[in-house]
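The listed protein sequences derive, respectively, from chains G and E. Its first residue numbered 1, the first sequence is counted upward by one per residue in the numbering used here. Its first residue numbered 1001, the second sequence is counted upward by one per residue in the numbering used here.
2 protein chains.
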Amino acid sequence: MSTLVMKFGGTSVANLDRIKRAAKRVGLEVANGHNVIVIVSAMSGKTNELVGWVNETSPLFDAREYDAVVSSGENVTAGLMAMTLQEMDVPARSWQGWQVPVITTSSHANARIEDIPVENITAKFDEGMRVAVVAGFQGISSEGRITTLGRGGSDTTAVAFAAAFDAVRCDIYTDVDGVYTTDPRISSKARKLDRIAFEEMLELASLGAKVLQTRSVELAMRYKVKLRVLSSFEEPSDVAGTLVCDEEEIMESNVVSGVAYSRDEAKMTLLQVADRPGIAAAIFGPLSDAGVNVDMIVQNISEEGRTDMTFSCPTDQVLRASKAMEDAKTSGEINFADLVADTEVAKVSVVGIGMRSHAGVAAQMFKALRDENINIKVITTSEIKISVLIDRKYMELAVQALHDSFGLEKAG
Amino acid sequence: MSTLVMKFGGTSVANLDRIKRAAKRVGLEVANGHNVIVIVSAMSGKTNELVGWVNETSPLFDAREYDAVVSSGENVTAGLMAMTLQEMDVPARSWQGWQVPVITTSSHANARIEDIPVENITAKFDEGMRVAVVAGFQGISSEGRITTLGRGGSDTTAVAFAAAFDAVRCDIYTDVDGVYTTDPRISSKARKLDRIAFEEMLELASLGAKVLQTRSVELAMRYKVKLRVLSSFEEPSDVAGTLVCDEEEIMESNVVSGVAYSRDEAKMTLLQVADRPGIAAAIFGPLSDAGVNVDMIVQNISEEGRTDMTFSCPTDQVLRASKAMEDAKTSGEINFADLVADTEVAKVSVVGIGMRSHAGVAAQMFKALRDENINIKVITTSEIKISVLIDRKYMELAVQALHDSFGLEKAG
């Protein structure tokens, strides 16, 4: 029998009525002939409550205890979902991460799944069970302690189960009905995409479109898991949502698929850095050690042995980054005249696999921004993405202008 | 190093401040040189919330899923308590039931502890850990599923750990400062007992004094665990609370130790039962099969082959008991003229190991009730207890009269 994975996020299981609504969808898929693995998040708000308690108790918490506490919300939903299915006469049972077991690394609060042995659940399917409800976001380390996979980790749980069980598809039920060409709150012309390539989804996810955890997309790409994002609040339909799939499965598409943004960026510039071989390592080594997520990097042309080095990082890491740089200066590892932080910037990006075969996307992007008199502070590019750092006050305007310029309101 | 078990009930860990207060007490005992095993309940109200969700989801729930859901509250408290101790520089970690493991029977929602292997926790104590925080109320069945021990089960967890680890004492921290001669809300003359014998505590617990789960007292008696009940809201003191201990450790005491009551009793009478050998089995077999907890039983003297049979049970089991009796009549197992239920009764009991060596306690009890014009409907006695069923409206008066009559306001 074919196996289908269905994942329900926090808003889709926020209360008993919504759990019932989700269970009905599961029942439909069982009636369609699938064995179903349901991955559930905690009821919305529950994990935040638990995280709040942990932070109040112990700001520098023991991540092993953090995991033991914050994983409890998913266990509640899993049991309630299994009961709801049983009430509908669908044979179901719940599994906590350690019961499967979902074997992970020991990087508590940010563990990675290493293995999901299928034997226990398969044996139950063989006995006639039709739905395995699994608590998402959690696993067990080789030391026998509970681990969690980082915020949004239930997406990754779902994809990992789809890969382990060779599922026909992994449906991610959430509170939006798919992936859009941009945030509909910013551009009323935003259009839902029927399909999007893994690579594009990866760029969008890491650029701040919060539909899927980045890691889950990586995993789906590696294991060729067909991933569908759809709303649990709309009527069931075969064409609903957005299918995240291999590039080859997308017949035609626009050159650019979407416009993403990230609001909480900061731009930091080290002025008059003494330039020498290895200076980049001397700067970005300490930043990495301090846990700063450096995103874009730009180095000016060196002049008289001195250069300016600019990088971007999340706004809430500016203090940490500054301290790391001052420390490195004090210890003599690097030398610079000044460190300037601009916390009023945002990142706007255009993403599309079509860029690989179409020239001129960058030029069109820069022109669209120039026409709105938006100054570009930093540029980075990848094969399928161009990102710019601009003043934050122009962020919405830039997104709208780019969406218009690339004609994203119309399907390609 | 000596091991001490400390159990904190729901009100003692109701929020982060109370958890901190409880952790301070644990820290004191660590400073006193003990290794400590802390057993925690869920924050007060949490388990009720979970039970409510389960009942709403599935009135005839799968008890295995019930256990998976309702056990989650204790996990949260255990992790938070471990973190709080770590913040105080006390080496601590949390353990969920399956991690210890607390091995239980498979009677879900009402499991019994079968074994607590000490190796895992002992190894951590040997490495320098000073406090093992264990989620109470839960265990794991031989099928690898989570079990719970019934409401109040954390008391039993605590005593079982004290027995397994040969602890010097098992301290049960709650919201009352000990065991009283009667409920202080009913008699202002109620006096806290410094010591009480296991047998007396057992009778009091099963008679409705809700300080300790009955099973925990049985277990403590069997394994000679020194059990102390005390308040987590009073200042620490060596003489605080009530010590539940062997009879031999109680130097002197009153003949009667306490007056207990149970409000939700019903009296049921089968009129003109056809009397024959085996008739009691024919009546109480079906009641037991129907899950009715029959307490007191009285049979009138048989007259012309017919007798009246009276028994008591909890008020909320009256319908179930009636149905079982009507069914047994229909099937011809028993024959009776009528079944009369009186749901307006209460049980009042006097308890004391001193009764064993003192005659006249029953006579004194009946006289005290007669002086208040309280009619006795049913009487039962055990070695250390006399219980009577009376009209519920006289319950408070009876408790006060008996407390006065046996001079319980003064220590013996």
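Every residue gets a Cβ at the ideal spot worked out from N, C-alpha and C, and that includes glycine.
Check: Just how far apart, CA to CA, sit Gly1258 (chain E) and Val1038 (chain E)?
Finding: 30 Å
Checklist line | Whole-number beta carbon distance between Ile103 (chain G) and Ala164 (chain G), since they are thought to touch under 8 Å | finding: 11 Å between Cβ atoms; not a contact.
Item checked: Rounded separation between Arg392 (chain G) and Ser405 (chain G) - CA only -> 20 Å
Next item on the list: On the DSSP bridge assignment, give the partners of Lys1329 (chain E) in chain order.
Entry: DSSP lists no partner for Lys1329 (chain E).
Next item on the list: Output the distance between the C-alpha atoms of Asn35 (chain G) and Arg130 (chain G), rounded to the nearest integer angstrom.
Entry: 5 Å
Note to self: Based on DSSP bridge pairs, tell me the residues matched to Ala1266 (chain E).
What the structure shows: E:Cys1313
Next item on the list: Could you check which residue in G:Phe198, G:Arg370, G:Leu207 has the C-alpha nearest to that of Ala398 (chain G)?
Entry: G:Arg370
Margin query: Counting only C-beta atoms, is Gly1079 (chain E) closer than 7 Å to chain G at any point?
Written below: yes
Item checked: Anticipated Cβ contact below 8 Å, Ala68 (chain G) with Val40 (chain G), distance rounded -> The pair is not a contact, with the Cβ atoms about 19 Å apart (cut-off 8 Å).
Note to self: For a contact defined as C-beta to C-beta under 8 Å, what are the partners of Gln99 (chain G) on chain E?
What the structure shows: Gly1144, Arg1145
Check: With C-beta atoms as the reference, is Ile1390 (chain E) less than 7 Å away from Ile1374 (chain E)?
Finding: yes
Notebook entry, point to check: Among residues of its own chain, excluding the 5 on either side of Ser1106 (chain E), which ones have a beta-carbon nearer than 8 Å to its beta-carbon?
Noted result: Ser1141, Ser1142, Glu1143, Arg1145, Thr1147
Next item on the list: Would you verify that the beta carbon of Val30 (chain G) is, or is not, closer than 7 Å to some beta carbon of chain E?
Entry: no
Note to self: I'd like the span of the beta strand (DSSP E) that includes Val30 (chain G), first residue to last.
What the structure shows: Val30 (chain G) -> not in any beta strand (DSSP E); alpha helix (DSSP H) instead, spanning 16–31.
Check: From the beta carbon of Ser1253 (chain E), is the nearest beta carbon of chain G less than 7 Å away?
Finding: no
Margin query: For the structure I just gave you, are there three or more beta carbon pairs, one from the region 173–182 of chain G and one from the region 200–215 of chain G, closer than 8 Å?
Written below: yes
Next item on the list: Report yes if the CB atom of Ile353 (chain G) is closer than 7 Å to the CB atom of Ala197 (chain G), and no otherwise.
Entry: yes
Check: Given that a residue counts as buried once 16 or more other Cβ atoms are within 10 Å of its Cβ, and exposed if not, what is Ala363 (chain G)?
Finding: exposed
Next item on the list: Give the interface partners of Phe1366 (chain E) over in chain G, defined as CB-CB distance under 8 Å, in chain order.
Entry: Neighbours of Phe1366 (chain E) on chain G: none; closest Cβ ~51 Å, over 8 Å.
Item checked: Cβ pair Ala167 (chain G), Leu4 (chain G) closer than 7 Å -> yes
Check: Considering only the beta carbon of each residue, do Arg169 (chain G) and Lys226 (chain G) sit closer than 7 Å?
Finding: yes
Check: Taking the C-alpha atoms as reference points, what is the distance between Ser94 (chain G) and Ala1280 (chain E)?
Finding: 44 Å
Checklist line | Whole-angstrom distance between Phe1061 (chain E) and Ile121 (chain G), CA atom to CA atom | finding: 21 Å
Note to self: On a Cα-Cα basis, can you pick out the residue from E:Ala1321, E:Phe1311, E:Gly1305, E:Ile1297 that is closest to Gly1291 (chain E)?
What the structure shows: E:Ala1321
Margin query: If you measure between the beta carbons of Met296 (chain G) and Leu270 (chain G), is that distance less than 7 Å?
Written below: no
Next item on the list: Could you please tell me which residues of the region 1061–1072 of chain E, in chain order, have their CB closer than 9 Å to any CB of chain G?
Entry: Phe1061, Asp1062, Arg1064, Glu1065, Tyr1066, Asp1067, Ala1068, Val1069, Val1070, Ser1071, Ser1072
Check: Got a sec, what are the start and stop residues for the beta strand (DSSP E) Asn1035 (chain E) sits in?
Finding: 1035–1040
Next item on the list: Let me know the secondary structure DSSP gives Leu1085 (chain E) once reduced to three states.
Entry: helix
Check: Just checking my contact of Phe1137 (chain E) with Ser1232 (chain E) at CB under 8 Å: how many whole Å lie between their CB atoms?
Finding: That pair is no contact at about 18 Å.
Checklist line | Inter-residue Cα distance where the pair is Glu74 (chain G) and Ile186 (chain G) | finding: 32 Å
Margin query: Below 8 Å on the Cβ atoms is my contact criterion, and I expect Val133 (chain G) with Met81 (chain G) to pass it. Report the Cβ-Cβ distance as a whole number of Å.
Written below: 5 Å
Note to self: At a CB distance below 7 Å, what residues from the region 14–27 of chain G approach chain E? Give them in sequence order.
What the structure shows: Leu16
Item checked: Closest Cα partner of Asn1015 (chain E) within the set E:Gly1033, E:Ala1042, E:Glu1029, E:Leu1028 -> E:Ala1042
Margin query: Looking at the strands, I want to know which residues DSSP matches up with Leu227 (chain G).
Written below: G:Cys170, G:Val244
Notebook entry, point to check: Straight-line CA distance for Gly52 (chain G) to Pro59 (chain G)?
Noted result: 10 Å
Next item on the list: Return the residue from the list E:Asn1254, E:Gly1241, E:Ser1044 that minimises the CA-CA distance to Lys1413 (chain E).
Entry: Residue 1413 (chain E) falls outside the range modelled here, since chain E spans only 1001 to 1412, and no answer is possible.
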